[in-house]
Amino acid sequence: MNVLYFAWLRAKVGMGEEQVSPPAEIATTGQLVDWLKSRSDGHAQALADLKVVRVAVNQDYVGWDHPIRQGDEIAFFPPVTGG
Amino acid sequence: MIRIQTEDFDPGAELEAFSAGNGKVGGICMFLGLVRDYLGDAPEKAAQVRGMTLEHYPGMTERQLAAIEAEARSRWPLHDVLVIHRYGRLEPGARIVLVATASSHREAAFQSCHFLMDWLKTKAPFWKIEHTADGDLWVDAKEKDDSAASRWDLPQK
Chain G
660 MNVLYFAWLR AKVGMGEEQV SPPAEIATTG QLVDWLKSRS DGHAQALADL
710 KVVRVAVNQD YVGWDHPIRQ GDEIAFFPPV TGG
Chain X
136 MIRIQTEDFD PGAELEAFSA GNGKVGGICM FLGLVRDYLG DAPEKAAQVR
186 GMTLEHYPGM TERQLAAIEA EARSRWPLHD VLVIHRYGRL EPGARIVLVA
236 TASSHREAAF QSCHFLMDWL KTKAPFWKIE HTADGDLWVD AKEKDDSAAS
286 RWDLPQK
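In the order they appear, the protein sequences are chains G and X. Start counting the first sequence at 660; every next residue gets the next number (this note's numbering). Start counting the second sequence at 136; every next residue gets the next number (this note's numbering).
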């Protein structure tokens with residue numbers, strides 16, 4: 660699956676996009692977060708406080724128990740500040 | 136219509152072209168958002184911001200704005216909707232966003248324009264980083280934007 664990071668999350672992770680293949684038991688957005696946090700200190704810092712992180716699957720906002728599948732586009736970003 | 140772009144736009148020309156020739160339009164409401172030259176809620180600290188850079192999530196931005204436009208059209212009798220949002224580096228005073236709505240009567244035009252801006256602020260995936268004398272600062276989301284958006288929540292059935 661394709662994982663995207665925006666704004667300060669991208670800065671902390673150190674990249675804007677990565678292809679990942681988590682093990683099959685990683686079935687939700689929340690489980691993916693825990694798995695991603697083990698990949699690097701940057702990931703762990705970016706995803707440390709989920710109160711300030713939003714997640715979208717295939718460009719729709721979802722919660723932390725949303726199912727994920729192979730081929731999904733999953734994005735993590737701070738609360739939005741446009742307009 | 137939704138337009139996401141780096142280049143500036145001419146509000147007068149956009150207004151002139153918007154709903155031109157549609158005799159059913161009786162009222163147009165337009166909101167224009169600009170880059171302030173001060174940080175946060177403190178105008179006395181003016182001229183601290185040297186500019187900002189807006190980034191967005193290409194694809195999701197268009198998808199969310201289209202959904203917001205569809206929601207506005209389902210709530211009010213609108214003849215036309217226009218949303219222009221810029222991204223990239225913007226200087227103080229620059230135009231960021233334009234929202235315009237056209238209806239037969241003013242009430243729908245006013246309310247739907249207000250609604251579109253409130254929902255855009257909390258749902259469209261844009262992020263601002265302000266360039267100041269003290270460095271670059273990511274703008275934090277504001278609680279008042281959430282409460283502004285929630286005024287449009289529909290009663291639970």
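For each residue, glycine too, the CB sits at the ideal point set by N, CA and C. On a predicted model such as this, the values are computed, not experimentally measured, just so you know.
Nearest to residue i (by Cα), restricted to the options the options
i	options	result
Leu261 of chain X	G:Met660, G:Trp667, G:Val662 and G:Asn661	The sequence shown places Phe at residue 261 of chain X, not Leu. Residue G:Trp667 is the option with its Cα nearest to Phe261 of chain X.
Arg728 of chain G	G:Arg669, G:Ala670 and G:Glu684	G:Glu684
Arg669 of chain G	X:Ala283, X:Tyr192 and X:Ile219	X:Tyr192
Ala237 of chain X	X:Ser247, X:Ala229 and X:Asp271	X:Ser247
His249 of chain X	X:Gly147, X:Glu206, X:Met195 and X:Gly161	X:Glu206
Glu142 of chain X	X:Gly161, X:Lys279, X:Ala229 and X:Arg286	X:Ala229
Val170 of chain X	X:Pro227, X:Gly162, X:Ser209 and X:Ile139	X:Pro227
Trp723 of chain G	G:Pro681, G:Val739, G:Asp693 and G:Arg698	G:Asp693
His214 of chain X	X:Ala177, X:Gly162 and X:Pro178	X:Gly162
Arg138 of chain X	X:Asp288, X:Lys263 and X:Gly194	X:Gly194
Val739 of chain G	X:Lys159, X:Ala276, X:Ala155 and X:Pro178	X:Ala276
Lys279 of chain X	X:Asp172, X:Asp176 and X:Ala152	X:Asp176
Same chain only: Cβ atoms within 8 Å of residue i, ignoring 5 sequence neighbours per side
i	result
Phe665 of chain G	Gly675, Ala734, Phe735, Phe736 and Pro737
Ala259 of chain X	His191, Thr196, Gln199, Leu200, Ile203 and His220
Ala678 of chain G	Looking at the sequence itself, residue 678 of chain G is Gln, so the reference to Ala does not match. Taken in chain order, the residues that qualify are Met660, Asn661 and Val662.
C-beta atoms of residue i and residue j nearer than 7 Å
i	j	result
Ile294 of chain X	Arg241 of chain X	With chain X covering 136 to 292 only, the question about residue 294 of chain X has no answer from this structure.
Met252 of chain X	Val274 of chain X	no
Val216 of chain X	Glu204 of chain X	yes
Val218 of chain X	Leu200 of chain X	yes
Leu150 of chain X	Met165 of chain X	yes
Lys256 of chain X	Gly689 of chain G	no
Val712 of chain G	Val721 of chain G	no
Beta-bridge partners of residue i, as assigned by DSSP
i	result
Arg210 of chain X	According to DSSP, which records beta bridges pairwise, Arg210 of chain X is partnered with nothing at all.
Asp271 of chain X	X:His266
Leu189 of chain X	X:Gly223 and X:Lys263
Tyr173 of chain X	Beta-bridge pairing links Tyr173 of chain X to no other residue.
Phe166 of chain X	X:Val234
Glu242 of chain X	In DSSP, Glu242 of chain X forms no bridge with anything.
Leu217 of chain X	X:Ala235
Nonlocal neighbours in the same chain, by C-beta distance under 6 Å from residue i, ignoring five residues either side
i	result
Leu663 of chain G	Glu676 and Ala734
Ala283 of chain X	Asp253
Close beta carbons around residue i, own chain, < 7 Å, minus the five adjacent residues each side
i	result
His702 of chain G	Val672, Leu695 and Lys696
Leu174 of chain X	Lys180, Gln183, Val184, Glu265 and Thr267
Trp211 of chain X	Ser238, Ala243, Gln246 and Ser247
Arg224 of chain X	Gly186 and Thr188
Asp731 of chain G	Met660, Val716 and Asn717
Lys710 of chain G	none
His725 of chain G	Thr687, Thr688 and Val716
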